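Listed in order, the protein sequences are those of chains R and Z.
Take the first sequence: its letter number 87 is residue 87 in our numbering, and every next letter is one higher.
Every position in the second sequence, counted from 1, becomes a number in our numbering once 1000 is added.
Glycine residues also receive a C-beta, built at the ideal position from the N, C-alpha and C atoms.
Keep in mind that this is a model prediction, so the values were computed, not measured.
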Amino acid sequence: MPRAKIPRKSTNVDMTAMCDVAFLLLSFFILATKQKPPEVVQINTPSSVSTKVAKSNAIMVTLTKDEKVYLSIGDNAHKKEIIEGINKSQNLNLSPDELAKLEKEDFIGQPFNKLKGTLDLATPLAPARMDGIPTDSTNNELAAWIASVSDAYRGEDMDNLNLLVKGDNAAFYSSFKNIKDAFAKNEIYKFKVVTNAEGVPAGSELALHPPVNK
Amino acid sequence: MAELDTSSGGGHKKGPGVKKSPKKSTKVDLTPMVDLGFLLITFFVFTTTMSQPTAMNLNEPKPDKNNQLEVKQSATLTLLLGKQDKIYYYNGILTDPNSQFKSSNFKDIRQVIVDKKKATPSVDLMYIIKADKTATYKNAIDILDEMTICAVPPGHYAEVDMSAQEATLIHQTEDANGIK
């Protein structure tokens, strides 16, 4: 007797849809997020309730947790002027090649006497291996750098000068004070500090009376 | 005639008393999952923004030697930042270290700041912030953030250098409390 033929069903699951979703998510994240700016080392910044956003074309002073200070000039329009200013004022005698190399660097982190030597190296020195700009009270080289920065911005609207300080949580206050002193020597008393976003604590004065945005 | 039965599981080797179960499909339809996925994505796209590092404004007072800021003793609260996230504070001028010098931490200091703010007329209010050598950058930024959280208007708080007397007091308190 002919047996009832059971139709065979396939156990293959069609994965096309899943694949589509995966690629869509990937495209979304690639297009919607920006490249992180290059970092010297991992820095944990403190958090604050501020809601202002840090602009990207800023002059940033980085303070790492081992008290090293680096300078990064994000504003390419003034970078050349600032570097040439330092070359003149500190008599570094950098050749045009070396000046061009320095301009390409993301981070400046060597004391003046070592700057020429570092630029002449065949393989560029990683920022984490640099010594950092000295900021102690006897030799505050950061003050000279800031002097060059303020010279480059002279005659312009001072709002264009975006001075940022990015410090690690574990850095000591004395290093931060030295950075502030470098600014003070150049009569700069207003600057911004990079922080992580933090929610306003509930019930606090700021939460109850939020400032009116003009 | 004899036929090769290749149907899977179709082999009806029925033993006595075994019921035949109807064959169910093993094919999974993924359409609802894709719908859920898109719904979640749309939800996140509309309710979040890409997180950017925020920048906190820091206004340093101009050190003008001719125009030292005159403050009423009763209207000042001095906050001293010490080791291990501890804060010491006192009102006015330090005349009697034993009774006036108090210690606190970052959680409780908010209440102290708010109490002082309520008790003083806002014209005279002044918070003086001093940091020890052992205080961290995080402590300094956090205390300035507390000023913003408690809605202390700028110009009513200042960072200054610590005096030697205060530094020794802090060391004594730290030793007494066993803080290394």
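Open item on the list: Quick check on the burial criterion: 16 or more other C-beta atoms within 10 angstroms. Buried or exposed for I1149 of chain Z?
Closed with: Against the second sequence, residue 1149 of chain Z aligns to sequence position 149. With 16 or more other Cβ atoms within 10 Å, it is buried.
Open item on the list: When you compare the CB of V149 of chain R with every CB in chain Z, is at least one pair closer than 9 Å?
Closed with: Taking the first sequence and counting its residues from 1, one reaches residue 149 of chain R at position 149. Chain Z contact via Cβ: absent.
TODO: Kindly list, in the order they appear in chain R, the residues whose Cβ is closer than 7 Å to that of V1123 of chain Z.
DONE: The sequence position of residue 1123 of chain Z within the second sequence is 123, counting from 1. Those do not exist, as V1123 of chain Z stays about 18 Å from chain R at its closest Cβ, beyond 7 Å.
Task: Chain-order list of residues whose beta-carbon lies under 8 Å from that of F107 of chain R (same chain, five-residue window excluded) - done: Taking the first residue of the first sequence as position 1, residue 107 of chain R is located at position 107. Closer than 8 Å at Cβ, skipping near neighbours: P38, V40, T62, Y70, L71, S72, P127, M130.
- [ ] Please determine if the region 101–116 of chain R and the region 84–93 of chain R are in contact, where contact requires at least 3 C-beta pairs separated by less than 8 Å.
- [x] yes
Task: Proximal residues of chain Z, C-beta to C-beta of M18 of chain R below 8 Å - done: Stepping through the first sequence from its first residue, residue 18 of chain R is reached at position 18. L1030, M1033, V1034, listed in chain order.
Open item on the list: Less than 9 Å between the C-beta atoms of K1133 of chain Z and Y173 of chain R, yes or no?
Closed with: Counted from its first residue, the second sequence places residue 1133 of chain Z at position 133. Counted from its first residue, the first sequence places residue 173 of chain R at position 173. Their beta carbons are under 9 Å apart, which means K1133 of chain Z touches Y173 of chain R by this criterion.
Task: Counted within 10 angstroms of its Cβ, other Cβ atoms place L1169 of chain Z as buried (16 or more) or exposed - done: Start at 1 with the first residue of the second sequence, and residue 1169 of chain Z comes out as number 169. L1169 of chain Z should be labelled buried.
TODO: Classify T1134 of chain Z as helix, strand or coil using the three-state DSSP reduction.
DONE: The residue given as residue 1134 of chain Z occupies position 134 in the second sequence. If DSSP states are grouped into helix, strand and coil, T1134 of chain Z belongs with coil.
Task: Secondary structure of M130 of chain R, DSSP reduced to three states - done: As a working note, residue 130 of chain R is residue 130 in the first sequence. In this structure, M130 of chain R counts as coil in the three-state DSSP scheme.
Open item on the list: Between K214 of chain R and chain Z, is any beta-carbon pair separated by less than 9 Å?
Closed with: Taking the first residue of the first sequence as 1, we reach residue 214 of chain R at position 214. Residue placement at K214 of chain R is poorly supported in this model, since its pLDDT is 42, which falls under 50; the coordinates still yield a value, given next. No, K214 of chain R lies away from the interface with chain Z (no Cβ there is under 9 Å from its Cβ).
Open item on the list: Please classify T220 of chain R as buried or exposed, where buried requires at least 16 neighbouring CB atoms within 10 angstroms.
Closed with: Outside the displayed range of chain R (1 to 214) lies residue 220 of chain R, so it cannot be described from this structure.
TODO: Go ahead and pull the three-state DSSP assignment for N1177 of chain Z.
DONE: Your numbering for residue 1177 of chain Z matches position 177 in the second sequence. Three-state DSSP puts N1177 of chain Z in a helix.
Task: 8 Å contact criterion, which M18 of chain R and L1040 of chain Z should meet: CB distance rounded - done: In the first sequence, counting from the first residue as 1, residue 18 of chain R sits at position 18. In the second sequence, counting from the first residue as 1, residue 1040 of chain Z sits at position 40. Contact doesn't hold; Cβ gap of about 14 Å is too wide.
TODO: Could you name the residues of the same chain whose beta carbon sits closer than 7 Å to that of L115 of chain R, not counting the 5 residues immediately before and after it, in chain order?
DONE: Your numbering for residue 115 of chain R matches position 115 in the first sequence. Counting only Cβ-Cβ distances below 7 Å, and skipping sequence neighbours, we find L92.
Open item on the list: Does H219 of chain R pass the burial test, meaning 16 or more other C-beta atoms within 10 Å, or should it be called exposed?
Closed with: The question about residue 219 of chain R has no answer here: the residues shown for chain R are numbered 1 through 214.
TODO: Examine chain R for any beta-carbon lying closer than 9 Å to the beta-carbon of K1065 of chain Z, and answer yes or no.
DONE: If you number the second sequence from 1, residue 1065 of chain Z lands on position 65. Its pLDDT being 46, under 50, K1065 of chain Z is placed unreliably by the model, and the measurement read from it follows with that caveat. No - not a single Cβ of chain R is within 9 Å of the one on K1065 of chain Z.
Task: K1117 of chain Z at chain R interface by Cβ criterion, 9 Å - done: Numbered from its first residue, the second sequence carries residue 1117 of chain Z at position 117. It does: the Cβ of K1117 of chain Z has a partner Cβ on chain R nearer than 9 Å.
TODO: Tell me whether the beta-carbon of G203 of chain R lies closer than 9 Å to the beta-carbon of V49 of chain R.
DONE: Mapped onto the first sequence, residue 203 of chain R falls at position 203. Mapped onto the first sequence, residue 49 of chain R falls at position 49. The Cβ-Cβ distance between G203 of chain R and V49 of chain R does not fall below 9 Å.
Open item on the list: Only counting the same chain, and skipping five residues up and downstream in sequence, which positions put a Cβ closer than 7 Å to that of N1066 of chain Z?
Closed with: As a first step, residue 1066 of chain Z is located in the second sequence; it is residue number 66 there, counting from the start. At N1066 of chain Z the pLDDT is 43, less than 50, meaning the model places this residue with poor confidence; the figure from the coordinates comes in the next sentence. Correct list: empty, nothing qualifies.
- [ ] Find the residues of chain Z that neighbour G167 of chain R, judging by a C-beta separation of less than 7 Å, and give them in chain order.
- [x] Counting from one through the first sequence, the residue named residue 167 of chain R turns up at place 167. Those within 7 Å of G167 of chain R in chain Z are Y1137.
- [ ] If I'm right that P96 of chain R touches T195 of chain R with Cβ under 8 Å, what's the distance once you round it to whole angstroms?
- [x] Numbered from 1 along the first sequence, position 96 holds the residue referred to as residue 96 of chain R. Numbered from 1 along the first sequence, position 195 holds the residue referred to as residue 195 of chain R. Their Cβ separation, rounded to whole angstroms, is 39 Å, which puts P96 of chain R and T195 of chain R out of contact at 8 Å.
- [ ] Would you tell me roughly how many angstroms separate the C-alpha atoms of E1159 of chain Z and I1129 of chain Z, rounded to the nearest one?
- [x] Taking the first residue of the second sequence as 1, we reach residue 1159 of chain Z at position 159. Taking the first residue of the second sequence as 1, we reach residue 1129 of chain Z at position 129. In this model, E1159 of chain Z and I1129 of chain Z are separated by some 5 Å (Cα to Cα).
Open item on the list: So, at 8 Å on beta carbons, what are the nonlocal neighbours of N1105 of chain Z in its own chain, with the 5 sequence-adjacent residues on each side left out?
Closed with: For the purposes of this step, residue 1105 of chain Z is taken as the residue at position 105 of the second sequence. Closer than 8 Å at the Cβ level, and outside the excluded window around N1105 of chain Z, lie D1085, K1086, I1087.
Open item on the list: What residue range does the beta strand (DSSP E) around G167 of chain R cover?
Closed with: Here the question's residue 167 of chain R lines up with position 167 in the first sequence. Its beta strand (DSSP E) spans residues 163–167.
TODO: From the DSSP output, in three-state form, read off T1095 of chain Z for me.
DONE: Indexing the second sequence from 1 puts residue 1095 of chain Z at position 95. T1095 of chain Z falls in the coil class under three-state DSSP.
Open item on the list: For I188 of chain R, tell me which candidate among R:F176, R:I146, R:S175 has the shortest Cα-Cα distance.
Closed with: Start at 1 with the first residue of the first sequence, and residue 188 of chain R comes out as number 188. Out of R:F176, R:I146, R:S175, R:I146 has the C-alpha closest to the C-alpha of I188 of chain R.
Open item on the list: Our contact map puts A182 of chain R next to N113 of chain R with C-beta atoms below 8 Å; I'd like the distance itself, whole angstroms only.
Closed with: Locating residue 182 of chain R in the first sequence gives position 182, counting from the first residue. Locating residue 113 of chain R in the first sequence gives position 113, counting from the first residue. Contact flag wrong, Cβ pair sits at about 18 Å.
Open item on the list: Please state whether the Cβ-Cβ distance between A1173 of chain Z and M1126 of chain Z is less than 9 Å.
Closed with: In the second sequence, counting from the first residue as 1, residue 1173 of chain Z sits at position 173. In the second sequence, counting from the first residue as 1, residue 1126 of chain Z sits at position 126. In the sequence as presented, Ala is not what sits at residue 1173 of chain Z; that position holds Thr. Their beta carbons are not under 9 Å apart, which means T1173 of chain Z does not touch M1126 of chain Z by this criterion.
- [ ] Give the straight-line distance between the Cα atoms of M60 of chain R and K1072 of chain Z, rounded to the nearest whole angstrom.
- [x] Looking up residue 60 of chain R in the first sequence gives position 60. Looking up residue 1072 of chain Z in the second sequence gives position 72. So the two alpha carbons sit approximately 38 Å from each other.
TODO: Taking C-beta pairs closer than 7 Å, name the residues in chain Z that H78 of chain R reaches, listed in chain order.
DONE: Within the first sequence, numbered from 1, the residue matching residue 78 of chain R stands at position 78. Ordered by position in chain Z, no residue passes the 7 Å Cβ test against H78 of chain R, which lies about 19 Å from the chain.
Task: Within-9 Å CB hit, A1167 of chain Z to chain R - done: Counted from its first residue, the second sequence places residue 1167 of chain Z at position 167. Not closer than 9 Å to any Cβ of chain R, the Cβ of A1167 of chain Z fails to qualify, so no.
Open item on the list: Strictly below 7 Å CB to CB, what residues from chain R border D1145 of chain Z?
Closed with: Your numbering for residue 1145 of chain Z matches position 145 in the second sequence. In chain order: S48, V49.
- [ ] Kindly give me the distance between the Cβ atoms of N169 of chain R and N44 of chain R, rounded to whole angstroms, as I take these residues to be in contact under 8 Å.
- [x] Locating residue 169 of chain R in the first sequence gives position 169, counting from the first residue. Locating residue 44 of chain R in the first sequence gives position 44, counting from the first residue. The pair is a contact, with the Cβ atoms about 5 Å apart (cut-off 8 Å).
Task: CB contact below 9 Å: L1079 of chain Z versus chain R - done: The count along the second sequence starts at 1 and reaches residue 1079 of chain Z at position 79. Not one chain R Cβ lies under 9 Å of L1079 of chain Z.
Open item on the list: Can you look up L125 of chain R in the DSSP assignment and give me helix, strand or coil?
Closed with: Along the first sequence, read from residue 1 onward, the residue named residue 125 of chain R stands at position 125. Coil, per DSSP.
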